[in-house]
């Protein structure tokens with residue numbers, strides 16, 4: 157098929173705007189070829205160029221004493237953890253592909269993020285994920301007439317089931333433990349699920365690689381799998397709204413092969429170790445187009461590429477298709493001239509393609525030849541983020557819905573008479589209940605480094621041959637960000653930090669995956685801008701710089717946008733693995749202590765509208781997000797770490813979804829082999845249900861030997877914090893005053909079995 161005649165309509169069909177097309181004409185001084193237009197369209201898509209987000213992203217704290225590369229400069233962030241070791245980690249989205257092809261969309265999301273890690277020279281040691289779907293609990297929340305239909309819920313279960321299977325199959329076959337994550341279910345994710353994948357790797361400082369081309373005349377190799385027609389225009393697909401036409405875009409979704417990826421991992425690490433590599437980059441979004449242009453622009457050089465040499469799965473592919481294909485398990489590598497045979501021998505040993513397809517040139521051009529014809533000749537710098545790619549200033553307006561939500565009157569909630577039933581319903585709620593149905597499909601212990609398993613506040617992996625361990629967590633409460641983008645963004649950082657602190661780890665850096673609706677909607681852009689301000693402010697105070705991440709806009713359908721969901725991937729460092737802490741109560745007779753940085757007498761009552769308790773009653777959030785002060789948050793976290801290091805406490809768990817009562821229940825039952833109850837005497841200052849189920853921040857539940865209480869209290873007072881003894885670890889029931897009295901078997905049944913039961917329906 158011949159290429160179409162190039163005009164504005166063709167440009168628009170590829171996702172370009174009129175002013176962008178005019179700009180391309182100016183840059184080239186002529187009408188582009190179809191291949192050139194395709195190159196610009198993917199490189200200037202939101203997914204690759206960040207054209208509507210980069211100005212806000214640059215406001216985030218992106219430097220710190222532990223960072224070995226600047227945020228966004230390499231395939232992943234790189235953080236120094238001492239002893240000559242570094243951690244490479246990053247999170248990215250694969251939302252749109254998972255909406256139309258959940259199994260492959262999720263699987264290739266995992267594969268892509270793993271490649272980002274090992275192109276840094278790091279061996280992947282852990283994978284995580286953050287997932288959002290429409291509601292799957294049939295018949296619940298009948299108060300709300302706008303609930304999803306049963307047909308929609310069946311569709312949500314189909315997406316959920318296949319996304320989890322895709323993640324599990326890819327990670328399990330590749331051989332990396334999937335150790336932590338989160339899953340939420342809300343109506344707003346009905347048409348547009350969020351599938352965010354994170355990976356973590358370990359590398360020695362002198363073993364890292366860069367994604368920068370260099371050395372005029374150095375050969376350029378494509379390595380790994382052959383190139384096919386899958387994933388063409390995947391980057392563009394990710395930069396538009398989900399619509400009725402989206403189902404037809406299944407060919408935009410890549411197809412993964414985890415066994416090939418495992419071979420590619422070993423070959424890549426061996427090649428980097430050989431010293432033959434000048435620069436290397438994963439072929440993710442936009443495939444050959446992205447890797448050639450970004451590596452060239454970073455190295456202030458260009459490339460000549462002959463597509464006739466690219467190993468193909470389909471012999472009838474055009475230059476346009478080859479350049480835009482996002483076939484998986486491929487890398488672009490610049491090899492030092494004279495060391496070509498080293499690369500070829502390594503990849504032949506692993507039975508993978510290793511083909512020289514071009515060379516580095518001095519001029520800032522990407523020159524693409526195919527079948528004897530120059531199909532594209534474009535300046536690399538003009539294609540990329542930080543170069544000539546568009547940078548837009550978007551309009552912002554305060555969302556009208558927030559004004560309406562803030563009118564919420566907490567007194568409109570009828571006070572329940574049976575708090576026992578509320579606890580059981582919350583524990584069985586899909587957003588709170590244990591996600592064992594999910595993580596039991598993952599190999600969580602391959603490579604034998606996993607110390608704290610999924611289901612805890614955060615998961616912990618040891619670093620072999622050292623005393624160190626890493627604690628990692630992904631976190632975001634979209635309801636909070638929806639009601640108050642600034643506070644919600646701040647809470648996402650603080651909560652993820654709180655989670656790793658509960659395991660004994662010091663938070664040291666974050667990666668983020670920013671999932672929002674259409675940036676051309678001023679109210680959506682307000683959400684984005686304010687959430688990033690909250691994230692930035694919290695990161696500055698907690699000293700957790702942003703190492704990189706991903707922006708995913710256009711997460712909406714014709715009906716609605718998703719809740720703004722800026723997922724935070726937190727990295728925590730444990731210097732001495734003997735200090736690893738868990739959340740469950742350990743011994744009969746220990747005291748239960750509430751350590752908080754907030755005055756529980758002045759809880760923002762309107763924040764009950766953002767809670768899981770309110771969701772149980774009314775479905776849609778109202779009111780405001782919980783109050784948060786990151787300065788106080790940091791002080792509380794530091795006290796908890798000191799208590800752990802001093803061996804003054806035996807468990808630590810933060811208050812989050814479901815509030816105080818649910819956190820106490822989790823402390824009782826989290827260790828299924830050694831469940832212990834507690835008897836709590838708690839002085840209410842608000843309504844009982846508000847006190848027990850409000851999700852107030854900066855608060856930890858710890859258990860300790862009674863002889864240590866005075867020391868714990870003194871340490872808290874030094875920071876003007878409150879350490880209040882509220883009960884004792886005892887028996888086989890959760891007892892809170894005379895209001896809640898539940899046997900642990902009831903709690904276990906609700907918490908550990910409800911999702912399994914739901915998925916069998």
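In this note's numbering, the protein residues as written are 157 to 917. Built from N, CA and C at the ideal position, the CB exists for glycine as well. Values in this document were obtained by computation on a predicted structure and should not be read as measured data.
task: Note down the Cα distance separating residue 557 from residue 684, rounded to an integer number of angstroms.
output: 15 Å
- prompt: Shortest alpha-carbon distance to residue 505 belongs to which of 649, 426, 614?
  reply: 426
- prompt: Among residues of its own chain, excluding the 5 on either side of residue 787, which ones have a beta-carbon nearer than 8 Å to its beta-carbon?
  reply: 697
query: From residue 519 to residue 493, what distance separates their C-alpha atoms?
result: 18 Å
- prompt: In terms of residues, what are the limits of the alpha helix (DSSP H) holding residue 424?
  reply: 414-430
- prompt: In the structure shown, what three-state DSSP assignment does residue 709 receive?
  reply: coil
First through last residue of the alpha helix (DSSP H) which encompasses residue 138: No answer is possible for residue 138: it lies beyond the span of the chain, which begins at 157 and ends at 917.
query: What did DSSP end up calling residue 314 once you bin it into helix, strand or coil?
result: helix
field: Buried/exposed call for residue 185, threshold 16 Cβ in 10 Å
entry: exposed
task: Go through its chain and collect everything with a Cβ distance to residue 700's Cβ below 6 Å, but skip five positions before and after it.
output: 663, 665, 666
message: For the structure I just gave you, are there three or more beta carbon pairs, one from the region 806-819 and one from the region 582-596, closer than 8 Å?
response: yes
Identity of the residues DSSP links to residue 510 by a beta bridge: 379
- prompt: How should residue 608 be labelled, buried or exposed, when 16 other C-beta atoms within 10 angstroms of its C-beta is the threshold for buried?
  reply: buried
- request: Count the other CB atoms, across all protein chains shown, that sit within 10 Å of the CB of residue 361; report buried if there are 16 or more and exposed otherwise.
  value: exposed
message: Count Cβ pairs between the region 320-329 and the region 369-384 that sit closer than 8 Å; are there 3 or more?
response: no
message: Are there any heavy atoms of the ligand ZN lying less than 7 Å away from the beta-carbon of residue 512, as far as the coordinates show?
response: Ligands are entirely absent from the displayed structure, and the ligand ZN is therefore not among its contents.
field: Assigned secondary structure, residue 797 (DSSP; H/G/I helix, E/B strand, else coil)
entry: helix
field: Contact belief for residue 628 with residue 669 at Cβ below 8 Å, rounded distance in angstroms
entry: At roughly 14 Å, the Cβ-Cβ gap does not stay under 8 Å, so residue 628 and residue 669 are not in contact.
C-beta atoms of residue 781 and residue 647 nearer than 8 Å: yes
query: Which of helix, strand or coil does DSSP assign to residue 683?
result: helix
query: Can you tell me whether residue 554 is buried or exposed, with buried defined as 16 or more other CB within 10 angstroms of its CB?
result: exposed
- prompt: Alpha carbon to alpha carbon, what distance is there between residue 809 and residue 458?
  reply: 53 Å
task: In the DSSP assignment, find the unbroken beta strand (DSSP E) run with residue 437 in it and report its ends.
output: 433-438
query: Can you give the Cα-Cα distance for residue 300 and residue 774, rounded to whole angstroms?
result: Low per-residue confidence applies at residue 300: pLDDT is 43, beneath 50, and the placement is therefore not dependable enough to give any value.
query: Are the region 439-447 and the region 478-489 touching by the rule of at least three beta carbon pairs closer than 8 Å?
result: yes
query: For the putative contact between residue 752 and residue 841, defined by C-beta atoms under 8 Å, what is the C-beta separation to the nearest angstrom?
result: The pair is not a contact, with the Cβ atoms about 13 Å apart (cut-off 8 Å).
task: Would you kindly work out how many angstroms separate the C-alpha atoms of residue 234 and residue 695, rounded to a whole number?
output: 17 Å
message: Buried or exposed, going by whether 16 or more other CB atoms sit within 10 Å of the CB of residue 851?
response: buried
task: Closer than 6 Å by C-beta to residue 411: which residues in its own chain qualify, once you throw out the five before and the five after it? Chain order, please.
output: 260, 386
- request: Tell me whether residue 160 sits in a helix, a strand or coil according to DSSP, three-state version.
  value: coil
- request: Whole angstroms is fine: what's the gap from residue 626's alpha carbon to residue 600's?
  value: 15 Å
message: Buried or exposed, going by whether 16 or more other CB atoms sit within 10 Å of the CB of residue 273?
response: buried
- prompt: Thinking C-alpha only, which one of 660, 717, 712, 487 is nearest residue 798?
  reply: 660
message: My parser needs the alpha helix (DSSP H) runs of 4 or more residues fully inside the region 582-615; what are they?
response: 592-595
message: Can you give me the C-alpha to C-alpha distance between residue 796 and residue 749, rounded to a whole angstrom?
response: 12 Å
message: Going by beta-carbon coordinates alone, are residue 158 and residue 545 separated by less than 8 Å?
response: no
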